[in-house]
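Visitor: After the structure tokens below, expect a handful of questions from me.
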Amino acid sequence: MSNNLLAGKRGIIFGALDENSIAWKVALEAKSQGAVFTLTNAPVAMRFGEIKKLGEICNAEIIPADATSMPDLENLFTKSMEILGGKVDFILHSIGMSINVRKGLPYTELNYDYFLKAMDISALSFHRVIQTARKLDAINDWGSIVALTYIAAQRAFPGYSDMADNKAALESIARSFGYYLGKEKKIRINTISQSPTATTAGAGIKGFDKFTSYAAKVSPLGNATAEDCARYTVMMFSDMTKMVTMQNLFHDGGFSNTGVSEDILDLV
Ligand SMILES: NC(=O)c1ccc[n+]([C@@H]2O[C@H](COP(=O)([O-])OP(=O)(O)OC[C@H]3O[C@@H](n4cnc5c(N)ncnc54)[C@H](O)[C@@H]3O)[C@@H](O)[C@H]2O)c1
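Once you know that position 114 of the sequence shown is 192 in the numbering used here, the rest is easy, because the numbers rise by one and skip nothing.
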């Protein structure tokens with residue numbers, strides 16, 4: 079159902095790889111709520127060709143950009159403003175990648191080259207995106223920037239490896255940059271901490287299926303789906319949430335505030 083929450087708004091959506099991606103669902107929801115936007119992903123992700131389908135459905139142009147490349151990001155913002163006819167009102171950062179996780183390296187035996195790469199892609203890219211947008215004056219006053227994160231930034235989750243540290247940095251960047259952009263232009267920056275969700279990135283975590291069913295048993299509302307996350311994200315882009323900034327917002331069916339559940343106790 080559309081309430082036209084994003085009517086008249088322009089944006090950029092990073093990270094739609096295939097139809098399971100959270101960013102894919104956000105694009106569909108943003109479109110149905112009246113937004114216009116460009117889609118972007120790493121040049122290597124274009125090879126799979128799935129994003130073209132999304133571009134057609136959403137009538138959105140696709141601009142490849144490696145989120146760790148400043149020239150790519152400058153090109154992305156410049157072209158997006160040309161295509162959309164002005165500055166943007168919202169940005170979704172839905173990017174994560176860790177070679178340590180992919181290779182199943184335990185946290186106690188990390189490879190530091192992989193760690194640095196993961197930190198650059200998963201966390202510093204958020205700073206790069208915001209810094210580039212600020213330099214090009216590419217965001218309207220009262221704009222909204224959201225990045226997706228996970229509760230391993232606050233609690234120990236064996237198996238999440240170096241992504242826990244990357245997410246902690248990501249959340250910190252939202253707070254730190256949120257201060258400056260709030261003061262300068264009333265632009266708000268938040269992270270949404272999502273339940274485990276079956277996507278390409280999610281499935282890379284060791285024991286992901288068990289992890290997901292554990293979270294569902296702990297959370298009073300169960301796990302939030304990618305579609306639920308899309309609706310919440312779109313609300314954060316809308317004018318309904320104008321005074322929310324520098325927050326890490328848990329979107330997890332109550333997982334983060336539950337100590338133990340009866341469903342889990344029944345299994346012990
Ligand atoms: N799936 C989960 O369980 C879960 C839970 C909480 C948070 N998140 C977060 O949600 C976000 C989206 O992940 P997803 O689960 O939709 O998986 P996904 O694999 O569909 O999305 C990850 C995206 O990151 C992109 N990416 C990787 N390297 C890049 C680079 N150098 N430049 C630009 N883009 C790059 C990939 O191409 C892909 O589109 C991530 O930040 C992830 O950590 C996921």
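Backbone N, C-alpha and C fix where the C-beta goes; we use that ideal spot for every residue, glycine too.
#1: Is the closest heavy atom of ligand 1 to the C-beta of leucine 226 under 7 Å?
#2: Could you check where the alpha helix (DSSP H) with aspartate 150 kicks off and where it finishes?
#3: With DSSP run on the structure shown, which of helix, strand or coil describes isoleucine 283?
#4: Between the beta-carbon of threonine 290 and the beta-carbon of asparagine 301, is there less than 8 Å?
#5: By how many angstroms is the C-alpha of aspartate 96 removed from the C-alpha of serine 297?
#6: According to DSSP, which residues form a beta bridge with arginine 125?
#7: Would you kindly check if the distance between the Cβ of glycine 256 and the Cβ of isoleucine 267 is under 8 Å?
#8: Rounded to whole angstroms, what is the Cα-Cα separation between valine 114 and leucine 106?
#9: Going by DSSP, what residues sit across from asparagine 178 in a beta bridge?
#10: Is leucine 353 helix, strand or coil when you go by DSSP?
#11: Do the stretch 209-227 and the stretch 164-177 make contact, defined as three or more Cβ pairs closer than 8 Å?
#12: For phenylalanine 155, which option in Ile91, Lys103, Ser172 has the closest C-alpha, if you only look at C-alpha atoms?
#13: For threonine 336 and valine 122, what's the separation of their Cα atoms in angstroms?
#14: Is any heavy atom of ligand 1 found at a distance shorter than 7 Å from the C-beta of serine 250?
#15: Can you tell me which of the three DSSP states serine 110 falls into?
#16: Secondary structure at isoleucine 91, three-state DSSP: helix, strand or coil?
#17: State buried or exposed for isoleucine 173, treating a residue as buried only when at least 16 other CB atoms are found within 10 Å of its CB.
#18: Taking the Cβ atom as the reference point for each residue, do aspartate 191 and threonine 146 lie within a distance shorter than 8 Å?
Guide: According to the structure data:
#1: Yes, since a heavy atom of ligand 1 falls inside the 7 Å radius drawn around the Cβ of leucine 226.
#2: 148-162
#3: Reduced to three states, the DSSP call for isoleucine 283 is coil.
#4: yes
#5: 27 Å
#6: Per DSSP, none; premise fails for arginine 125.
#7: By the CB criterion at 8 Å, isoleucine 267 and glycine 256 fall inside the cutoff.
#8: If I take the Cα positions, the gap works out to 11 Å.
#9: DSSP, once it has assigned bridges, lists no residue as partnering asparagine 178.
#10: Outside the modelled stretch of the chain, which goes from 79 to 346, sits residue 353, for which no answer is possible.
#11: Touching, yes, given that three or more Cβ pairs across the two stretches are closer than 8 Å.
#12: Ile91
#13: Answer to the nearest angstrom: the Cα atoms are 40 Å apart.
#14: no
#15: helix
#16: strand
#17: Around the beta carbon of isoleucine 173, 16 or more other beta carbons lie within 10 angstroms, which makes this residue buried.
#18: no
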